[in-house]
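Visitor: Residue numbers (the working numbering), protein chains in the order written: chain A, 3 to 544; chain B, 2 to 299.
Built from N, CA and C at the ideal position, the CB exists for glycine as well.
For clarity, every value in this text was computed on a predicted model and none was experimentally measured.
First the structure, which I've put down as structure tokens, then a few questions once you've had a look.
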Amino acid sequence: MENSTARKHLARLAVPLALMLALAGCVPSDPDTQDTGEANDDGGNQLVVGTTAGVVNFNPLVGNSRTDTWVTNLMYPSMMTLNDEAEKVPSVATEWGYSEDGLTAFVELRDDMEWTDGEPLNAEDVIFTINAIKEEQIGTVAGMLAAYESAEAVSDTRIEFTLSRPDGAFLNSVGFWMPIVPEHVFGEAPSVAEFANDSDWVSAGPFVLTEVEDGQRYVLEATENYPLVESGSANVDEVIFRVFPDVNTEVLALRAGDLDMIGNALPPAVAEDLAGDDSVQLFTVPSLGWAHMQYNMRRAPLDQVEVREALAHAVDYDAIREVVLGGNAISSNSSVLTPVYEQWQDGLDLEEYAYDPEMSRQLLEDAGFADADGDDVYDELSFEMVYDQGDPMVSTWAELVQDQSLDAGINIELVGLDRNTYLARTADRDFDIYAGSWAIIDEPQSNFALLFSPEGFINYAGVDDPEVSELMEEAATALTPEVAQEPLQEIARIVHDQVYDNVMYVETFNFAASSEWSGFVPKPSDLLSIVNAESLANVSKE
Amino acid sequence: MTYNPAPISTGVLLGTDLSQMSPRRKTWRAFVRNPLGLSSLIVLILMVLLALAAPLIVEEPSGFSVAVLEPPSPEHWFGTDHIGQDIFAQIVWGARTSVAVAVGASVLAILLGTVVGVAAAYFPKLNTPLGMLIDVMLSLPILPLMILIAALVGPSISTLVVVIAVFSWPEVARVVRSQALPTVTLTYVNASHVIGASNLWVLTRHILPAVTPVVVVSVVLTASKAVLSEAGLSFLGLGDPNSWSWGTILYNAQRSGVLASAWWTALFPSLAILLFVVAATLCSLAYNDARNPRIRGD
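As structure tokens, this is what we get:
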């Protein structure tokens, strides 16, 4: 990396100049100006984490933005966490399993967890949480409880769940996704879902919130008891989340030493730039989801598989991964069982849709499409593609998809939308092509039902295939991965051949922290990354 | 004696007899004598030509290349962006959007503003309600409203034009109204009424000509504001994704995180915006000075 000082000077000049001259008034204010005085007061045992959004909801069962999750994960532990291979491993729970008929399940908890107000974290808290979610249908976890009927605390540390039908993903989903909240605090509120939890926090994690400057900084102090790390409590005294306007300012602050780590995943160009900087260490973790395009099969002619195939073969996925993502992505072989989850790969031999515009044209011509007006675009083949304009990756490759599809005679109109409009349009299924990504699809046994069953919550494409539905049923009731593998792989094959979901890549995320710190524990996904509870409890300054 | 003073005939020959020149020519003469005015006009004309001739100058930037984030070089005058597209080409094509939005939004805003302003000044009954409407519109927080509308309707050039025009006309209306108010009470306007001229006739023959100079200034100023607003909205991700714009180039630089490491991705589009806005402002200032008899000193 060439790094002449002149270039750096120019860079420093160009940024403020550009922003000041062109867009005075349009740029969010820089929080730097407000708290430089306090940020560096005893830097010794304080870890400052940069984020680009404030905490919207302090209730861990409701909050769903990344910053919400990062902050609340430090206070409300889950029963399970992930290891490097994206497998569920013990956290608050020590062991778990199903009965032979699959109609009951059990979880054994640690006996040394306690809330910061001295109450023990026990089976009753878990049962309170799961019942509140079920009754009030709170957040995404509610969708994982279809089979759940009731739970009983056999002892302080052992819970037995009664299920209405065998559900092989139940324990893993609830264990990983459900933060445990204290019954003696959340139970006081008339409605758990509406409980704001915005003061007097009680934590069973390594840190507890003590001070909030809304939209600017969130101060968490170490708790005394966190038995999940060897030292019994966090190594740092304080973790501070500071809100920045964007990743550019975060990087500048990291380089200037005002920031110890960046919570957000780095854009590829930034990661490449930081790779040459000795004062910064980089971590790479895989995504647990995927980026994809879905074709709305409720609309003609996208209900024809030939048209979907033509669209799939019109795109150069290698180029997207190499250029747009700077190589920070792997191919998923156009399979919804991505290579990140090794346990499902054995014997799955799917191949990525080859980039072949000629083949696309042939498919379309065989299906009866013609170019009568001679404009090199097949008549009636004009589609609207919606995506979140704020997603830097998707909105960049959307332009490439548009250009390449035109080579195959297909016109794509880009409709990059503000996030809320985009969510509303996709929820209404109001699009021809959808471009986006799933953050985490961790339990195909249950998640596939959301994606591909006719009533699936995120079945954007409108998949309605009896064979897939039957296979999903079979997979869902399988109590071991070995039994679930066959139906899941068959679903992946059908989804691939019918182009129900065009999985383009699995991103690998880059995260940066100052080299002064060591002990980070990277975990897959940008939700956990190096900002997970175990990681922040473990870090210390060298 | 052969000396013949004949000052008048010489003056006529040289075309400098101010008393016999039309006001329009006097304004033009004063305008071209102002180096700032002339050069800014030339810059504006060049920008419009650039926009019109974009397809002849460079190919529309599309696709990708492996020359990612290259600094300016003879091959890529303004460098390349994070997917290897030429920034010079993006700026040339971006000029089309900027000029289109500037022209569209300012024409629309001027039409609305002039109608409202003249109506408020000419019809006494409308003066108070329209004046209030203008004041209310002027006090609205424009940027958040623009963002809201652009976000709800979905980004496209026509949305941008309408949104910007809807929030720009009150300024025009205010200036036009204040210029038209004294004109309405002048003797020749009253005289027209007395000899039975219709309202339409008075408006088109007497009032509109009187406000034309401020409208001309407003056109240029509104155009420059439209370019700024368009860049601002595009920078916030509310631009038309199917066409290039200077704001979009900045937005791409910002969201790809290369703003700090690749200065050329932000500098050149910013300069383009700056150049356009400064030229438009100077041009309108120079015109304003040129048509003012006291300043041009005749």
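1. Should N124(A) go down as buried or exposed, given a rule of 16 or more other Cβ atoms within 10 Å for buried?
2. Considering just the uninterrupted stretch of the beta strand (DSSP E) at E240(A), what are its terminal residues?
3. Any idea if P79(A) is buried or exposed, counting beta-carbon neighbours within 10 angstroms, 16 or more meaning buried?
4. Assign A291(B) to one of two classes, buried (16 or more other C-beta atoms within 10 Å of its C-beta) or exposed (fewer than that).
5. What residues of chain B sit near A515(A), judged by a beta carbon separation below 8 Å?
6. Determine the burial state of Q36(A): buried for a count of at least 16 other Cβ atoms within 10 Å of its Cβ, exposed for fewer.
7. Please check if any C-beta of chain B sits within less than 8 Å of the C-beta of D34(A).
8. Is F163(A) helix, strand or coil when you go by DSSP?
9. For the structure I just gave you, are there three or more beta carbon pairs, one from the region 163-179 of chain B and one from the region 110-117 of chain B, closer than 8 Å?
10. Spatial neighbours of I150(B) within its chain, please: C-beta separation below 7 Å, excluding the five flanking residues on both sides.
11. Where does D32(A) land, buried or exposed, given buried means 16+ other C-beta within 10 angstroms?
12. Kindly indicate which three-state DSSP category Y389(A) falls into: helix, strand or coil?
13. DSSP state of I129(A), grouped into three classes?
14. Which full runs of the alpha helix (DSSP H) of 4+ residues lie inside the region 177-204 of chain A, going along the chain?
15. Looking at chain C, is there any beta carbon in it that lies within less than 8 Å of the beta carbon of L254(A)?
16. Check whether the region 58-66 of chain B and the region 24-42 of chain B touch, using three or more Cβ-Cβ pairs below 8 Å as the test.
17. State the CB to CB distance for the pair I274(B) and Q91(B), rounded to an integer number of angstroms; the pair is presumed to be in contact (CB under 8 Å).
18. DSSP state of M81(A), grouped into three classes?
19. Compare the C-beta of G258(B) with all C-beta atoms of chain A and state if any pair is closer than 8 Å.
20. Compare the C-alpha of D280(A) against each of A539(A), E311(A) and W519(A) and name the closest.
21. Going by C-alpha distance, which of F459(A), E190(A), A148(A) and R167(A) is nearest A480(A)?
22. Of the residues A107(A), V245(A), I242(A) and R219(A), which one's Cα is nearest the Cα of G177(A)?
23. Hey, does A321(A) have any beta-carbon neighbour from chain B nearer than 8 Å?
24. Less than 8 Å between CB atoms is the rule here; does E40(A) satisfy it with respect to chain B?
25. I'd like to know if the region 373-387 of chain A and the region 410-417 of chain A are in contact, where contact means that at least 3 CB-CB pairs between them fall below 8 Å.
26. Determine the direct distance from the alpha carbon of L144(B) to that of F1(B), and round the result to whole angstroms.
27. Would you call V195(B) buried or exposed, if buried means 16 or more other Cβ atoms sit within 10 Å of its Cβ?
28. In this structure, what does DSSP give as the bridge partners for S223(A)?
29. Are the C-beta of G65(A) and some C-beta of chain B separated by less than 8 Å?
30. Using the beta-carbon of each residue, which ones in chain B are nearer than 8 Å to G418(A)?
31. Can you tell me whether DSSP reads T142(A) as helix, strand or coil?
32. Give every residue of the same chain whose Cβ lies closer than 6 Å to the Cβ of K525(A), excluding the five residues on either side of it in the sequence, and list them in chain order.
33. Near N449(A), which residues of its chain fall below 7 Å by C-beta distance, leaving aside the five closest residues on each side in sequence?
34. Rounded to whole angstroms, what is the Cα-Cα separation between P468(A) and D305(A)?
35. Within 8 Å of any Cβ in chain B, is that where the Cβ of D545(A) sits?
36. Can you name the residues that DSSP bridges to S516(A)?
Guide: Short version:
1. buried
2. E240 to V245
3. buried
4. So A291(B) ends up on the buried side.
5. By Cβ distance, chain B contributes nothing, its closest Cβ being about 16 Å from A515(A), past 8 Å.
6. Low per-residue confidence applies at Q36(A): pLDDT is 41, beneath 50, and the placement is therefore not dependable enough to give any value.
7. Residue placement at D34(A) is flagged as unreliable, the pLDDT there being 42, under the threshold of 50; the coordinate-derived value follows with that caveat. For D34(A), the answer is no, since every Cβ of chain B falls outside 8 Å of its Cβ.
8. strand
9. Enough Cβ pairs lie closer than 8 Å, so yes.
10. V164
11. In this prediction, D32(A) scores a pLDDT of 42, lower than 50, which makes its location untrustworthy; no coordinate-derived value is stated.
12. In the three-state reduction of the DSSP assignment, Y389(A) falls in the strand class, which pools E and B.
13. helix
14. Runs of the alpha helix (DSSP H) lying entirely within the region 177-204 of chain A and spanning at least 4 residues, in chain order: 185-188.
15. Checking the listed chains, one finds no chain C in this structure; the protein chains it contains are A and B.
16. no
17. That pair is no contact at about 13 Å.
18. coil
19. yes
20. W519(A)
21. R167(A)
22. A107(A)
23. Among the residues facing chain B, A321(A) is included, as its CB has a counterpart in that chain under 8 Å away.
24. Below a pLDDT of 50, predicted positions are generally treated as unreliable, and E40(A), at 42, falls in that range; the measurement from the model is reported next regardless. So no, E40(A) is outside the interface.
25. yes
26. What is shown of chain B runs 2 to 299, which leaves residue 1(B) out entirely.
27. exposed
28. Note that residue 223(A) is Glu in the sequence shown here, rather than Ser. According to DSSP, which records beta bridges pairwise, E223(A) is partnered with V210(A) and E240(A).
29. no
30. Residues of chain B passing the Cβ test: P156, G238 and P242.
31. helix
32. L84 and N534
33. I443
34. So the alpha carbons of these two residues sit roughly 16 Å apart.
35. No answer is possible for residue 545(A): the residues shown for chain A start at 3 and end at 544.
36. DSSP lists V282(A) as partners of S516(A).
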